[in-house]
């Protein structure tokens with residue numbers, strides 16, 4: 010008996026140590042609110058950063074979390090917290106979503122976004138929009154004001170405009186740094202390099218998952234996709250079940266990474282399915298998908314997720330992921346593996 | 010002990026009886042090949058059919074199965090069987106895919122298709138193409154010749170053309186009966202009717218799942234979507250995990266029905282997840298999703314599916330589903346609940 014007690018204590022200690030890494034944050038009792046965000050996973054290393062750039066990222070992540078937390082603290086809805094938080098990330102040129110989205114091979118910006126509400130397990134998404142200032146607002150309009158889940162291209166733009174989303178010229182999204190990234194990728198491509206693993210070529214998606222005081226979980230994701238993308242390629246971000254998923258009975262998830270893998274392995278839904286069918290905890294489900302299924306097959310990226318008790322996971326199999334969370338009296342922002 | 014033996018025998022008898030309904034077909038040992046198809050689920054009732062029309066549907070389903078079975082019997086690949094079988098259904102005006110696709114609100118035809126290979130759990134899909142004669146061939150090209158999973162609109166068409174898919178004028182897809190269906194739905198809409206449940210407004214997707222002699226499972230789906238669709242709406246058919254899924258370790262699935270529900274509940278992947286995580290049989294997983302998850306939430310439709318042993322499910326929660334299968338020395342074609 011003594012030995013087994015010792016083992017239990019040892020395991021508990023090990024678990025609590027792993028929680029302190031900032032990747033998984035446990036809640037023993039249901040918290041009154043929780044919010045977690047990402048600004049993309051990828052080759053994010055301290056040695057590539059300037060102190061100014063790092064400061065700018067941390068400040069913007071905190072600004073976004075401030076906004077979402079204020080809504081949730083005030084008794085607001087998870088869906089409002091997710092949309093307003095993502096709008097801040099979309100409006101910042103630091104992230105590959107909205108302003109600052111990467112360029113397609115044609116030199117334009119094509120944006121995808123989705124949102125899902127765990128209360129009714131319904132959602133909305135847009136893919137390939139070029140003129141909607143905040144694609145997450147168009148995704149919300151699809152959810153709230155149409156019978157559909159996914160609208161694409163010109164049709165999605167016409168719908169967003171009809172529903173009052175702010176429309177901008179495609180040049181609004183342009184930034185000098187993303188244009189340079191396109192030029193670098195196209196130069197590599199013309200030399201015959203395999204560009205798939207080029208650090209400029211993907212990642213930078215933004216996402217948010219929030220739990221409100223009513224116990225509702227909402228998840229949202231927004232992206233500019235892949236630098237130099239061709240043929241109106243669509244990744245996982247606008248696909249419910251791949252880039253975004255929410256169900257109040259299990260969890261909410263927002264993905265970032267090599268989208269093709271996230272579609273093939275239905276990553277966001279798979280985390281919920283492991284909780285529902287195998288009885289996995291959020292932490293186990295996220296670890297198994299990110300470090301198991303995806304890593305074994307070469308699918309790089311990460312997710313942020315939370316469950317109905319407010320347990321939080323921010324897990325990635327890349328060098329880093331822009332990320333952060335807030336709960337009552339708790340906050341965290343990190344960029345690299347070691348925060 | 011005697012009593013438990015009796016119970017086992019009774020349960021076995023009940024199970025074997027349920028297999029004779031033509032919805033679930035069990036294989037005790039792995040068969041050398043199997044193929045199952047659907048031509049859409051919906052309000053398919055004997056009283057709405059003429060004997061000629063019924064004969065035409067049964068003949069076309071058998072023609073498609075003949076083609077796929079010949080490939081598999083000859084030792085061919087599951088992917089070839091799926092593509093060639095679906096091409097026959099796409100080329101027939103009887104089904105809402107390829108020639109005979111339903112019309113969008115603009116009076117055009119926009120087609121979606123996807124294919125997934127259970128050997129490498131990779132696949133390809135196109136959404137919103139207007140000029141590719143056989144969208145399933147474009148989906149295959151995305152799988153085999155690109156690093157992407159989902160291409161859309163003009164980009165998908167440009168890619169398909171580059172890869173040698175046959176290109177036709179959009180008017181090729183037009184049929185008189187689908188134009189009449191558009192007119193009926195638009196007339197109802199102008200009267201303010203809720204058109205969502207109009208029998209003309211959805212369904213008719215085609216799909217195929219095949220198991221070849223090497224144990225590889227491939228699934229494919231092709232559709233014209235929803236009559237009177239607007240805003241470049243995309244349903245579940247081009248979404249891996251929703252409309253189509255294949256994994257040699259579990260099963261292959263092709264969906265048909267009210268696509269928005271199939272996306273939200275990741276229907277095709279969910280069947281595989283229940284087998285992998287809960288230990289459900291194919292039959293249990295399909296029943297739980299079609300008659301549980303979907304029906305409880307108002308999501309109408311069905312799936313055809315098979316597992317690595319060649320067990321087959323053709324299950325739907327609608328009035329009927331055009332469907333059929335072949336295995337060595339077994340064949341079946343059905344339209345209504347009672348075949």
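Residue numbers (the working numbering), protein chains in the order written: chain A, 10 to 348; chain B, 10 to 348.
Quick reminder that beta carbons are idealized off the backbone N, C-alpha and C, glycines included.
Residue-level contact check: residue 282 (chain B) touches chain A, since one or more beta carbons of chain A fall below 7 angstroms from its beta carbon.
Closest in C-alpha terms to residue 41 (chain B), from the list B:243, B:345, B:239, B:226, comes B:226. Flagged as an interface residue toward chain A: residue 275 (chain B), by a C-beta distance shorter than 7 angstroms.
Secondary structure at residue 111 (chain B): coil, using DSSP grouped into helix, strand and coil.
The C-beta distance from residue 138 (chain A) to residue 166 (chain A) rounds to 5 angstroms, short enough to meet the 8 angstroms contact threshold. Residues of chain B whose Cβ lies closer than 9 angstroms to the Cβ of residue 269 (chain A) are, in chain order, 131, 156, 157, 158, 159. Per DSSP, the continuous beta strand (DSSP E) segment holding residue 333 (chain A) begins and ends at 329 to 336.
Think of a sphere of 8 angstroms around the beta carbon of residue 168 (chain A): the chain B residues whose beta carbon falls inside it are 239, 240, in chain order. For residue 163 (chain A), the C-beta contacts it makes with chain B under 7 angstroms involve 241, in order along the chain. Within the segment 127 to 173 of chain B, the runs of beta strand (DSSP E) at least 3 residues long that lie entirely inside it are, in chain order, 131 to 138, 159 to 161. Bounds of the alpha helix (DSSP H) holding residue 195 (chain B) are 185 to 199. Not a single CB atom of chain A sits nearer than 7 angstroms to the CB of residue 120 (chain B). Contact residues of the segment 249 to 260 of chain B toward chain A are 249, 250, 251 (C-beta to C-beta distance below 7 angstroms). For residue 272 (chain A), the nearest beta carbon of chain B is closer than 7 angstroms to its own beta carbon.
At a cut-off of 7 angstroms between C-beta atoms, residue 139 (chain B) does not count as an interface residue with respect to chain A. About 6 angstroms separates the beta carbon of residue 127 (chain A) from that of residue 261 (chain A), a gap short enough to meet the 8 angstroms contact definition. Going by C-alpha positions, residue 151 (chain B) is about 46 angstroms away from residue 84 (chain A). Closest option to residue 328 (chain A), judged by alpha-carbon separation, among A:309, A:320, A:142, A:321: A:309.
The DSSP-derived three-state label of residue 238 (chain B) is strand.
Residue burial annotation: residue 189 (chain B) is exposed, with fewer than 16 other C-beta atoms found within 10 angstroms of its C-beta.
By the rule that beta-carbons nearer than 7 angstroms mark a contact, residue 287 (chain A) touches chain B. Assigned with DSSP and collapsed to three states, residue 261 (chain B) falls in strand. No Cβ-Cβ contact shorter than 7 angstroms links residue 142 (chain A) with residue 194 (chain A). When DSSP states are grouped into helix, strand and coil, residue 324 (chain A) belongs to the strand group.
At a cut-off of 7 angstroms between beta-carbon atoms, residue 152 (chain B) makes no contact with chain A. Per DSSP, the beta-bridge partners of residue 125 (chain A) are A:132, A:228. Using a Cβ-Cβ cut-off of 7 angstroms, residue 42 (chain A) does not count as an interface residue toward chain B, since no Cβ of chain B sits closer than that to its own.
Put simply, the backbone Cα of residue 153 (chain A) is about 27 angstroms away from that of residue 334 (chain A).
Residue 280 (chain B) and residue 74 (chain B) have their C-alpha atoms roughly 24 angstroms apart.
Taking a beta-carbon distance threshold of 7 angstroms, residue 278 (chain B) counts as an interface residue toward chain A. Per the DSSP secondary-structure output, residue 341 (chain A) pairs in a beta bridge with A:334.
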